[in-house]
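Heads up, the sequence shown is in the working numbering, so the first residue is 4 and it goes up one at a time. Structure record follows, encoded as structure tokens.
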Amino acid sequence: MRFTRFASAIAIAAAVSVVSIHAQRGGGAAPQQNVPTPRTADGHPDLSGFWAGGGGGVKPDEKGNIVQLTQARLCHQTQIDAGECHPGVNAERDAGINQRPPNQPMYKPEFWERVQYLDREGIKEDPAFHCKPNGVPRMGPPGKIVQTAAELIFLYQNGNTFRVIPIDGRPHDPIKSQDTTWYGDAVGKWDADTMVIDIVGFNDESWLGWPGWFHSNNMHVVERYTRNGNTLRWEASVEDPDVLLEPFKMDARNLRLNPDPKATFIEDLPCEERDTQHIVTHERG
């Protein structure tokens, strides 16, 4: 399956987040707060580059140290000695409880039972556990952007995924908008210094997030990319009146430019769906 990929993704996210947070807190090179935003020949911000950080795999504690979200899987030794904690038994459950995201989409009452079922049976139902794409917006911002006057090319580490978004003013393709896909039909345009990407034409197989957050094929997503110096801010909002009571705004992510001109992706491990039968608990962390 993809658990080796998950482990790799967590390790990579940890590494880039450590670098990002370390730099922001004064370790290593000082933050370049007054770096001008580079622009292309047409005057728009240049979003090109390798962008690091902003992932959900790690977080800083109150002292600025990196805390793995999987830390709940580890029992304190005193708890083990006292028989209060049993690694491998309560670990997944504890991790799932600790990781409940505070920002959640508001579903219509008739769909909450389904959300709870999908969350409870996530190992079986989550498409990400079955070698399927994360889809938009769950996949988040790209690791590398290549910008031309006519299009944006988004490259992702996970799954060797890419997206090509036209930004030349064209409308949605009427055929692609109806031919539902994992990534939808996307078109971009500039709103001042923010790139706004409008996406329609989704299938209903992907999730918004791992706690069973499903959506319909009438979902409409808007991504916003704003560059300020060497920082890139990603925002995404979701409209899906078929299942949601109100639009859902995902947690924004702030990424830092990787200044290394030799920066490159590490080849992602292939997804092999063969490990789900060995999972002994249904709770996911």
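Glycine included, each C-beta is placed from N, C-alpha and C at the ideal position.
Spatial neighbours of residue 174 within its chain, please: CB distance less than 8 Å, with the 5 preceding and 5 following residues excluded, ordered by chain position. 190
Taking the continuous alpha helix (DSSP H) assigned at residue 118, which residues delimit it? 115-123
Does DSSP put residue 242 in a helix, a strand or coil? strand
Short of 6 Å in beta carbon distance, which residues of its chain neighbour residue 227, apart from the five on each side in sequence? Order them along the chain. 197, 199 and 238
Mind reading off the beta-carbon distance from residue 139 to residue 187? Whole number of angstroms is fine, and I expect it under 8 Å. 6 Å
Taking the DSSP output, what are the residues bridged to residue 226? 200 and 239
Where residue 156 sits in the DSSP three-state scheme: strand
Beta-carbon proximity check, residue 53 vs residue 266, cutoff 8 Å: yes
Using CA atoms only, rank isn't needed, just tell me which of 153, 117, 193 and 217 is closest to residue 137. 217
What does residue 217 pair with, by DSSP beta-bridge criteria? 210
According to DSSP, is residue 132 helix, strand or coil? helix
Extent of the continuous alpha helix (DSSP H) run through residue 177: 177-181
So, are the CB atoms of residue 230 and residue 40 less than 8 Å apart? yes
Own chain, CB closer than 8 Å to residue 10, minus 5 neighbours either side, in chain order: Confidence in residue 10 is poor, its pLDDT being 41 and thus under 50, which makes the residue's placement unreliable; the coordinate value appears in the next sentence. Nothing meets the Cβ criterion.
Go to residue 193, then tell me how far its beta strand (DSSP E) extends in each direction, as first and last residue. 188-194
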